[in-house]
Structure formats: C-alpha cells, structure tokens
Amino acid sequence: MDKKVKIIAPICIAFAILYIIIASKPLSPEIQFLPVWTIDLEAYTKGEGAEVLSEDFKNAVSFKLGQNLGYFTPEGKILSYITFPYKATISDNSYTLYGTSSQEMEINSPSGSEIGKISVTGFPYFTEDRKFIFLPGGSAFSKLNSDGSVAWTYEGFTPLTAFSSSKTGIVTGYADGSVIAFDNEGNIAQQYQPGGSSYEVILGAAISESSKYIATLSGQGGQRFVISKKTDASYGSHTSIVFYKSMTEELNRQVLIKFTKDEKKVFYNSASGIGIVNTRNFKNTEIPIKGRILSILESGCDNEIFILSKEGKTYTVSTIESFDAFAGSFSFDAESACIAVKDDSLFVGRDGKISRIDIIHR
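All the letters of the sequence shown, read from the start, carry residue numbers 69 to 430 under the numbering used here.
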C-alpha cells in the first residue's frame, strides 16, 4: 500500500505541474461576431431616418440589395435609398442606373448630385474609383474618366469572359483562352494563354495591385488555376508561369479571384470552396465553403478576409484569419444579400435590413 502511494504521489505532482504549465500559456484568441446595430431600410422610405448632413457622405458605404441601392454611414445612418427598375452599378464614390439600351446614363455622387454622364450604349461597371463600360457584342470595353467620358477602348475578337482591375492595371480573359493585361493608359502590358486544357476558356481572372501578378482559372477538360508573374528585362517585359494547379473537380461557370492588397495571397473559387495560394512560397490551401462565392473582401485593419457565398437561398459569411485559416461563419436565408467592409467592421445586407458586425478577438 505504501509503495502504491509513493508511486502515485509523484505522478500526481507531475500532472499538476504539467497542468499549471499548460494553463499558464495564453489561449489562442477566439473570434466573436459582435452585433452593433441593425437598420431597417423600409423605415427610411417612410421618412423615419435621421437628418442627413453633407459631411455624412465623406465616409459613405455603398450597398446594393435586389432592385435597391444606396449609402449609409458606419454609425448606422441611411444616407440614400434608391429603387431602380432595370440595372445599376455602384461603388463608394458613385453610382449609375441604366436600361438595356440606354443612350445616356447619369453618374451620381452618393448625395445624388450629377457628377458626370456616360454617352455610349453598354453595361457600366464601377469599382472603387474606377469606371468601365462593356460594349454591345461582348468583346469590347472602354475605360471611362471620372466624368463618364471615354478614356480608351479595346475591341477584341472573341467574347470577353473574365475581367478585373487594380489601381495600376486591368486584366481581361476571353473565350479562346487568351489573357490580355493593360496599363491605365490602355497599352497592352501582357498577353498570353495559360493553356493545358481541351477547351481553353478563361473563367476567372485577377490582377494584383502593382500588376506584377495575374491569376486565372481556365479551361474545360484539364481545368487549371494559374499564376503568372511579370518581369522587366532590358529587352522588355516577360510573362512567366510561376504556379499552376490542375483541378480535380471542374467548374463550368465564371468564378471570382482576388489578390490581397499586399499581393502575398490570392483567393479563388474552387469546386470545394475557397483556394488560397501564398505567392511567396506558392503553398496552396483549400478551405471548404458551400455554394458560389459572390464576394471576397479584405479587412482594413487585421489580416482578415470576409467571404460571401450562396447555396440555394442560403447565404453564408465566412471569415478567414491570417489570410489562410478558417475562423468562423454564420448563415441566413434571404432573397438578396451583400457585404461591405470599413476598417475593422463588417456590414451585412439582407433583403431590407443592414447590420454592422464588429469582429472581436478574445
């Protein structure tokens, strides 16, 4: 009996010491979604909104839900709420409403004042402070000046199937599998074909902030995700493939691809969810997310990515931390939804309501 006590006692002491050591280590922070406010857009239409001041528009956040769009402040004040009958495009700086054959389209500021006019027929697209219009026929587009006038136009020979822009350039993908990148003046900076597929259509494309990298998802029958890198030499620019991944399960629709602002990671929609490639070591990570990815946004403060996806009528908002680790998600049913990010706050639109959700680490 004494021997058993003598043996058990040291073991208990050892476990106690081990527990104290483990317990004293800081726990990894847990992510929490903290609701801050929810605003009812219908209340604004009934005149129940707070008084709107001119300075409110300096930090306006845009939204588009179904056939409605407008702006609000991070504090929860609705600045405008507009119902449009046909189509519209909006950014935090401006918006325009248009029909299928509009000859002229007004460009409006968040306050609603006219700041420009588009005088060509097509389908406008606004993102951040950049404006474009896709021309009838499906193979040409124009870059617009801030007032809506045409800066330059490129006319392709095959249908345009992918498009993306950054502050330094534009990338386009086509039905014949070709990829063309432009600088902001309309000069062709890169032109190549990722190849490797039986049918070489470009389903998605993205260009990094400096235009150094281009990422594409292309092909049917041997679908591949490819990253190319632009290098400058004495004889001119050269494009080289620095990463590719053959997809075991293929998609047959257009997909979303996005680089982080520091160009260290690129995100792409795969059949199983979200794929993430580190452009420093070209490590590929895949995180299961159900449905089609509609939006990929980067937090302004922390290394967080917010992803909006949809499967049926169910929308899911997922959070990726450190750019490649799944941190959490929540889902809801809705007819329409959108997300926006300002600093460390996430804004989620759902039918007739918008909510602010702060991300807390504890």
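Glycine included, C-beta positions come from ideal geometry on N, C-alpha and C.
Decide if residue i is buried, meaning its Cβ has at least 16 other Cβ atoms within 10 Å, or exposed.
i, result
"Ile256", "exposed"
"Asp330", "exposed"
"Gln259", "exposed"
"Phe434", "Only positions 69 to 430 of the chain appear in this structure, which leaves residue 434 out of reach."
"Pro192", "buried"
"Ile428", "exposed"
"Tyr281", "buried"
"Pro356", "exposed"
"Ser377", "buried"
"Tyr336", "buried"
"Tyr163", "buried"
"Ile158", "buried"
Can you find a heavy atom of the ligand SAM that lies under 8 Å from the Cβ of residue i?
i, result
"Ser386", "Looking for the ligand SAM in the displayed structure turns up nothing, as the structure carries no ligands at all."
Can you list, in chain order, the residues of its chain with a C-beta nearer than 6 Å to that of residue i? Leave out the 5 residues immediately preceding and following it.
i, result
"Val310", "Ile295, Lys297"
"Ala156", "Leu137, Leu165"
"Lys199", "Leu212"
"Ser210", "Ile201, Val218, Thr221"
"Phe327", "Ala274, Ser276, Val334"
"Gly144", "Trp105, Ile107"
"Lys358", "Glu379"
"Thr384", "Ser377, Ser397, Ser399"
"Met18", "Here the chain has residues from 69 to 430 only, and residue 18 is not among them."
Alpha carbon to alpha carbon, how far is residue j from residue i? Give it in angstroms, no decimals.
i, j, result
"Ile89", "Asn371", "Only weak support is given to the placement of Ile89: the predicted model assigns it a pLDDT of 31, under 50, and the question is left unresolved by the model."
"Asp419", "Tyr154", "17 Å"
"Ile375", "Asn352", "18 Å"
"Gly254", "Ile107", "42 Å"
"Gln171", "Leu165", "12 Å"
"Trp105", "Ser413", "11 Å"
"Tyr149", "Gly167", "19 Å"
"Leu324", "Gly287", "15 Å"
"Arg433", "Ser367", "Only positions 69 to 430 of the chain appear in this structure, which leaves residue 433 out of reach."
"Ala111", "Gly224", "47 Å"
"Leu319", "Ser232", "19 Å"
"Phe394", "Ser338", "16 Å"
"Ile186", "Leu203", "12 Å"
"Phe140", "Glu403", "21 Å"
"Phe131", "Ala408", "8 Å"
"Gly341", "Ser122", "42 Å"
"Gly272", "Thr284", "5 Å"
"Pro178", "Ile248", "33 Å"
"Gly184", "Ser234", "22 Å"
"Lys135", "Asp197", "It should be noted that the sequence gives Gln, not Lys, for residue 135. So the two alpha carbons sit approximately 23 Å from each other."
"Tyr312", "Gly263", "11 Å"
"Leu228", "Thr299", "26 Å"
"Ile99", "Leu362", "23 Å"
"Ile152", "Ser308", "Checking the sequence, you will find Phe at residue 152 rather than Ile. Cα to Cα, the separation comes out at about 45 Å."
"Cys406", "Ile364", "11 Å"
Can you tell me where the beta strand (DSSP E) with residue i in it begins and where it stops?
i, result
"Leu228", "228-233"
"Met173", "173-176"
"Phe398", "393-401"
"Ala249", "247-251"
"Gln288", "281-288"
"Asp197", "No beta strand (DSSP E) contains Asp197, which DSSP labels as neither H nor E."
"Asn352", "352-356"
"Glu119", "Run containing Glu119: none; DSSP gives neither H nor E here."
"Leu137", "136-140"
"Lys132", "129-133"
"Pro103", "99-108"
"Glu389", "382-389"
"Leu203", "From DSSP, Leu203 is part of no beta strand (DSSP E); its letter is neither H nor E."
"Tyr163", "163-166"
"Lys155", "155-158"
Kindly list the residues whose CB is nearer than 8 Å to the CB of residue i, restricted to its own chain and excluding five residues on each side of it in sequence; keep chain order.
i, result
"Lys332", "Asn346, Thr347, Arg348, Phe391"
"Ser265", "Gly245, Ser286, Gly287, Gln288, Gly289, Gly290, Gln291, Arg292"
"Ile425", "Phe101, Leu102, Pro103, Val104, Ser413, Leu414, Phe415, Val416"
"Lys421", "Thr106, Ile107, Asp108, Leu109"
"Ala317", "A small fix is needed here, since residue 317 is Glu in this sequence, not Ala. Excluding residues within five positions, the ones whose Cβ falls inside 8 Å are Ser338, Ala339, Ser340."
"Glu182", "Glu174, Ile175, Asn176"
"Phe125", "Tyr139, Leu147, Ser177, Pro178, Ser179"
Assuming residue i contacts residue j under a Cβ cut-off of 8 Å, what Cβ separation, rounded to an integer in Å, is found between them?
i, j, result
"Ser246", "Gln261", "5 Å"
"Gly241", "Asp251", "Contact doesn't hold; Cβ gap of about 17 Å is too wide."
"Lys410", "Val129", "6 Å"
"Ser423", "Pro103", "6 Å"
"Ile175", "Gly216", "5 Å"
"Thr387", "Ser397", "7 Å"
"Ala208", "Thr226", "Their Cβ separation, rounded to whole angstroms, is 11 Å, which puts Ala208 and Thr226 out of contact at 8 Å."
What does a CB cutoff of less than 7 Å around residue i pick up in its chain, not counting 5 residues either side in sequence?
i, result
"Asp401", "Lys381, Thr382"
"Asp160", "Ala128, Val129, Ser130"
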